[in-house]
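Mind the numbering: the sequence shown is residues 2 to 458 in the working numbering, read in order.
Just so it is clear, CB atoms sit at the ideal spot from N, CA and C, and this is done for glycine as well.
Just so you know, these numbers come straight off a predicted model, no measurement behind them.
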Amino acid sequence: MARGDAPQDSYHLVGISFFILGLGTLLPWNFFITAIPYFQGRLAGANTTTGALDTNHTGLADTFNFNNWVTLLSQLPLLLFTLLNSLLYQCSIPEMVRILGSLLVILLLFALTAALVKVDMSPGPFFSITMASVWFINSFCAVLQGSLFGQLGTMPSTYSTLFLSGQGLAGIFAALAMLMSMASGVDAQTSALGYFITPCVGIFVSIVCYLSLPHLEFARYYLAKKPSQTQGQELETKAELLQSDEKNGIPNSPQKVALTLDLDAEKDPELEPEEPQKPEKPSVFIVFQKIWLTALCLVLVFTVTLSVFPAITAMVTSSTSPGKWSRFFNPICCFLLFNIMDWVGRSLTSYFLWPDEDSRLLPLLVCLRVLFVPLFMLCHVPERSRLPILFPQDAYFITFMLLFAVSNGYLMSLTMCLAPRQVLPHEREVAGTLMTFFLALGLSCGAAFSFLFKALL
Numbered sequence: 002m003a004r005g006d007a008p009q010d011s012y013h014l015v016g017i018s019f020f021i022l023g024l025g026t027l028l029p030w031n032f033f034i035t036a037i038p039y040f041q042g043r044l045a046g047a048n049t050t051t052g053a054l055d056t057n058h059t060g061l062a063d064t065f066n067f068n069n070w071v072t073l074l075s076q077l078p079l080l081l082f083t084l085l086n087s088l089l090y091q092c093s094i095p096e097m098v099r100i101l102g103s104l105l106v107i108l109l110l111f112a113l114t115a116a117l118v119k120v121d122m123s124p125g126p127f128f129s130i131t132m133a134s135v136w137f138i139n140s141f142c143a144v145l146q147g148s149l150f151g152q153l154g155t156m157p158s159t160y161s162t163l164f165l166s167g168q169g170l171a172g173i174f175a176a177l178a179m180l181m182s183m184a185s186g187v188d189a190q191t192s193a194l195g196y197f198i199t200p201c202v203g204i205f206v207s208i209v210c211y212l213s214l215p216h217l218e219f220a221r222y223y224l225a226k227k228p229s230q231t232q233g234q235e236l237e238t239k240a241e242l243l244q245s246d247e248k249n250g251i252p253n254s255p256q257k258v259a260l261t262l263d264l265d266a267e268k269d270p271e272l273e274p275e276e277p278q279k280p281e282k283p284s285v286f287i288v289f290q291k292i293w294l295t296a297l298c299l300v301l302v303f304t305v306t307l308s309v310f311p312a313i314t315a316m317v318t319s320s321t322s323p324g325k326w327s328r329f330f331n332p333i334c335c336f337l338l339f340n341i342m343d344w345v346g347r348s349l350t351s352y353f354l355w356p357d358e359d360s361r362l363l364p365l366l367v368c369l370r371v372l373f374v375p376l377f378m379l380c381h382v383p384e385r386s387r388l389p390i391l392f393p394q395d396a397y398f399i400t401f402m403l404l405f406a407v408s409n410g411y412l413m414s415l416t417m418c419l420a421p422r423q424v425l426p427h428e429r430e431v432a433g434t435l436m437t438f439f440l441a442l443g444l445s446c447g448a449a450f451s452f453l454f455k456a457l458l
């Protein structure tokens, strides 16, 4: 936290609030993809509400391509609203309206999804309503996420880390909710209803956390600041991080030394009066020239990930005989394992950043992840007509998923950390905005490619 007259975060309430808000932003996406068996069960037969969370979807004809459409319609709004986010600011829509309004709409739409569990409906209308709900929920999630990142820009960097950790745990939360519903022993309809009520509770808690922020002195102190006021705060935080690195035995790299020198230079009284008065407006094109390779790596990371997860990976089944393991295999080995190891990968960047921003090894590591596409396509997916099964054993899929998830989390977090280090301090906000756009672009490209790879099976 910054030095000076800044108040303390009593009982870490602000940190906990942003952690829960991070969890809330990705709950919708994770709860929809984790419940793919339920949706495929509902879409397989006419006028039924008996879709079960543990439906053996390999025996069902996925005529609606639900896996692919739910992925695409979840990611396209993120890309669209990343482009439109600046318009929302120009229209002067209050921050509280954007955040609180988005949370309330998401809560209402999830309540509708839960209510549909009890409604008799033929597959066609059910699919249309579900896809519309997915689109609007993720549209408001995009507005919510962009607005919260804007608030986090005024906070110490620790709170961004907590927010991202909450996002990383959203998938684990959804997978555990799925497993608990499956193991509850109640009928399929009640199990599905309980599963979809869970994110409603999570979103409600997020609303309470957001409404509590204005009542916390620490949050009021930082959220009342303008970006220009927090620039010095950010530099001070960076200086503290550098000192922390040295205390932990991590030597200063040339880049860190240069940043330290920049901080010292900014203390020159001759420079102080000019810069806050008329800050130079960063050029988007110049910033892009500096970070284009890192941005391209981020696009490729998510293109590979979303092209097979969950469209292909959710179709993989256990090669063992039917039983408890085969019933729980995909929820555990696909969704729970992916989200745990993805979170581990993200966390690794808190300890080291390798390779650094000047290395050409990063693009090589990112390109190597393309190999996961054929590896998963050749696993035990019974629904295929073209490719053979070369990796039938469960151990193959588990190994591939472990490496796939860790590399996704680590390389995503690494690229997001390296981009701000490649630009000048006053260009970091633009760099962050550009990286957010390229993240959304990678997600959308991956969702689009998932249709092709599923057709090639």
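Three-state secondary structure assigned by DSSP to Phe392: The sequence position of residue 392 within the sequence shown is 391, counting from 1. In this structure, Phe392 counts as strand in the three-state DSSP scheme.
Whole alpha helix (DSSP H) elements within the segment 106-182, 4-residue minimum: The alpha helix (DSSP H) runs lying completely inside the segment 106-182 and spanning 4 residues or more are 124-153, given in chain order.
Own chain partners of Lys106 with C-beta closer than 6 angstroms, once the 5 adjacent residues on each side are dropped: Within the sequence shown, residue 106 is the residue found at index 105, counting from 1. Inspection of the sequence shows that residue 106 is occupied by Val rather than by Lys. Here the set comprises Phe141.
Supposed contact pair Leu27 and Ile171 - C-beta distance, whole angstroms, cut 8 angstroms: In the sequence shown, residue 171 corresponds to position 170, counting from 1. In the sequence shown, residue 27 corresponds to position 26, counting from 1. The sequence shown places Ala at residue 171, not Ile. The Cβ separation is near 4 angstroms, so the contact holds.
Classification of Arg1 by the beta-carbon crowding that lies within 10 angstroms, buried from 16 upward: With the chain represented from 2 up to 458, any question about residue 1 goes unanswered, as that position is not in the structure.
Straight-line gap, Trp355 to Leu412 (C-alpha atoms, nearest Å): Along the sequence shown, one-based indexing puts residue 355 at 354. Along the sequence shown, one-based indexing puts residue 412 at 411. If you take the alpha carbons of Trp355 and Leu412, they lie about 9 angstroms apart.
Given Ala112 as reference, the closest of Ser134, Asp121, Pro95 and Met122 once Cα atoms are compared: By one-based count along the sequence shown, residue 112 stands at place 111. The shortest C-alpha separation from Ala112 is found at Ser134.
Cα-Cα separation, Phe438 to Thr83: On the sequence shown, position 437 is the one that residue 438 refers to. On the sequence shown, position 82 is the one that residue 83 refers to. For the pair Phe438 and Thr83, the Cα-to-Cα distance works out to about 6 angstroms.
Test item: CB-CB of Ser308 and Ser158 under 8 angstroms: Taking the sequence shown and counting its residues from 1, one reaches residue 308 at position 307. Taking the sequence shown and counting its residues from 1, one reaches residue 158 at position 157. Annotated as distal: Ser308 and Ser158, with beta-carbon spacing of 8 angstroms or more.
CA-to-CA distance, Phe197 to Met156, given in whole angstroms: Within the sequence shown, the letter at position 155 stands for residue 156. Within the sequence shown, the letter at position 196 stands for residue 197. About 33 angstroms.
Beta carbon of Val302 nearer than 8 angstroms to that of Val407: Residue numbering aside, residue 302 sits at position 301 when the sequence shown is read from its first letter. Residue numbering aside, residue 407 sits at position 406 when the sequence shown is read from its first letter. The beta carbons of Val302 and Val407 sit no closer together than 8 angstroms.
CB contact flag (Phe353, Leu163, <8 angstroms): Your numbering for residue 353 matches position 352 in the sequence shown. Your numbering for residue 163 matches position 162 in the sequence shown. No, they are not a contact pair.
Residues that Cys380 bridges to, as DSSP identifies them: Here residue 380 refers to the residue found at position 379 of the sequence shown. Answer is Phe392, bridged to Cys380.
Alpha carbon of Val71 to alpha carbon of Leu77, nearest angstrom: Position 70 of the sequence shown, counted from the first residue, corresponds to residue 71. Position 76 of the sequence shown, counted from the first residue, corresponds to residue 77. Computed Cα separation, rounded: 10 angstroms.
Euclidean distance between Cα positions of Met316 and Ile333: Position 315 of the sequence shown, counted from the start, is the residue given in the question as residue 316. Position 332 of the sequence shown, counted from the start, is the residue given in the question as residue 333. Rounded to whole angstroms, Met316 and Ile333 show a C-alpha spacing of 13 angstroms.
Contacts around Pro255, its chain only, beta-carbon distance under 8 angstroms, and the 5 residues preceding and following it disregarded: As a position in the sequence shown, residue 255 is number 254, starting the count at 1. Caution is warranted here: a pLDDT of 37 is assigned to Pro255, below 50, making its placement in the model unreliable, and the coordinate value is therefore given only provisionally. Result list for Pro255: empty, nothing under 8 angstroms.
Classification of Val382 by the beta-carbon crowding that lies within 10 angstroms, buried from 16 upward: Position 381 of the sequence shown, counted from the start, is the residue given in the question as residue 382. Buried.
Status (buried if at least 16 other CB within 10 Å, exposed otherwise) for Ser542: Any property of residue 542 remains undetermined from this structure, which presents the chain solely from 2 to 458.
Sequence-distant residues of its chain with Cβ nearer than 7 angstroms to Trp326 (five each side left out): Walking along the sequence shown from the start, residue 326 turns up at place 325. Here the set comprises Ser319.
Reduced DSSP secondary structure (H/G/I, E/B, other) of Gln76: Translated into positions along the sequence shown, residue 76 becomes position 75. Correct three-state label for Gln76: helix.
Cβ-based neighbour list, Gln168, same chain, cut-off 8 angstroms, excluding 5 preceding and 5 following: Along the sequence shown, read from residue 1 onward, the residue named residue 168 stands at position 167. Cβ neighbours of Gln168 beyond the five flanking positions: Gly23, Leu24, Thr26 and Leu27.
The segment 441-457 in contact with the segment 334-349 per 3-pair CB rule at 8 angstroms: With fewer than three CB-CB distances shorter than 8 angstroms, the segment 441-457 does not count as touching the segment 334-349.
Closest by C-alpha distance to Asn31, when choosing among Leu74, Phe127 and Ala176: Residue mapping note: residue 31 aligns to position 30 of the sequence shown, counting from 1. Ala176 is the residue among Leu74, Phe127 and Ala176 whose C-alpha sits nearest the C-alpha of Asn31.
Which of helix, strand or coil DSSP assigns to Glu276: Indexing the sequence shown from 1 puts residue 276 at position 275. Low local confidence applies: a pLDDT of 47 at Glu276 is under 50, so the model's placement there is unreliable, with the coordinate-based value given in what follows. Glu276: helix per DSSP, three-state reduction.
Own chain, CB closer than 7 angstroms to Asn68, minus 5 neighbours either side, in chain order: For the purposes of this step, residue 68 is taken as residue 67 along the sequence shown, with counting starting at 1. Excluding sequence neighbours, Asn68 sits near Ile37, Pro311, Ala312 and Ala315.
Outcome for Asp395 when other beta-carbon atoms lying within 10 angstroms are tallied against a minimum of 16: As a working note, residue 395 is residue 394 in the sequence shown. By the neighbour-count criterion, in which 16 or more other beta carbons inside 10 Å mark a residue as buried, Asp395 falls on the buried side.
Where Tyr211 sits in the DSSP three-state scheme: For the purposes of this step, residue 211 is identified with residue 210 of the sequence shown, where counting begins at 1. Looking at Tyr211 - three-state DSSP - the assignment turns out to be helix.
Neighbour-count burial assignment, Arg387, 16 or more Cβ in a 10 Å radius: Position 386 of the sequence shown, counting from 1, holds the residue named residue 387. Exposed.
Where Pro95 falls, given that 16 or more other Cβ within 10 Å makes a residue buried: Within the sequence shown, numbered from 1, the residue matching residue 95 stands at position 94. It counts as exposed.
Val305 beta carbon less than 8 angstroms from that of Phe373: In the sequence shown, residue 373 corresponds to position 372, counting from 1. In the sequence shown, residue 305 corresponds to position 304, counting from 1. With respect to Val305, Phe373 sits close: the two C-beta atoms are nearer than 8 angstroms.
Nonlocal neighbours in the same chain, by C-beta distance under 6 angstroms from Asn139, ignoring five residues either side: Reading the sequence shown from its first residue, position 138 is the one you call residue 139. Excluding positions up to five away in sequence, the list reads Ser75 and Pro78.
Test: Leu212 CB closer than 8 angstroms to a CB of chain C: The displayed structure is made up of one protein chain only, and chain C is not part of it.
Given 8 angstroms, three or more beta-carbon pairs between the segment 121-129 and the segment 176-191: Because the criterion of three Cβ pairs below 8 angstroms is not met, the segment 121-129 and the segment 176-191 do not touch.
Terminal residues of the alpha helix (DSSP H) in which Pro38 lies: Numbered from its first residue, the sequence shown carries residue 38 at position 37. Taken as a continuous stretch (DSSP letters only), the alpha helix (DSSP H) holding Pro38 covers Ile37 to Ala45.
Buried or exposed by the 16-neighbour rule on C-beta atoms within 10 Å, applied to Ile287: The count along the sequence shown starts at 1 and reaches residue 287 at position 286. It counts as exposed.
For Val300, the nearest candidate out of Met183, Asp357 and Leu442 (CA to CA): For the purposes of this step, residue 300 is identified with residue 299 of the sequence shown, where counting begins at 1. Cα-wise, what sits closest to Val300 is Leu442.
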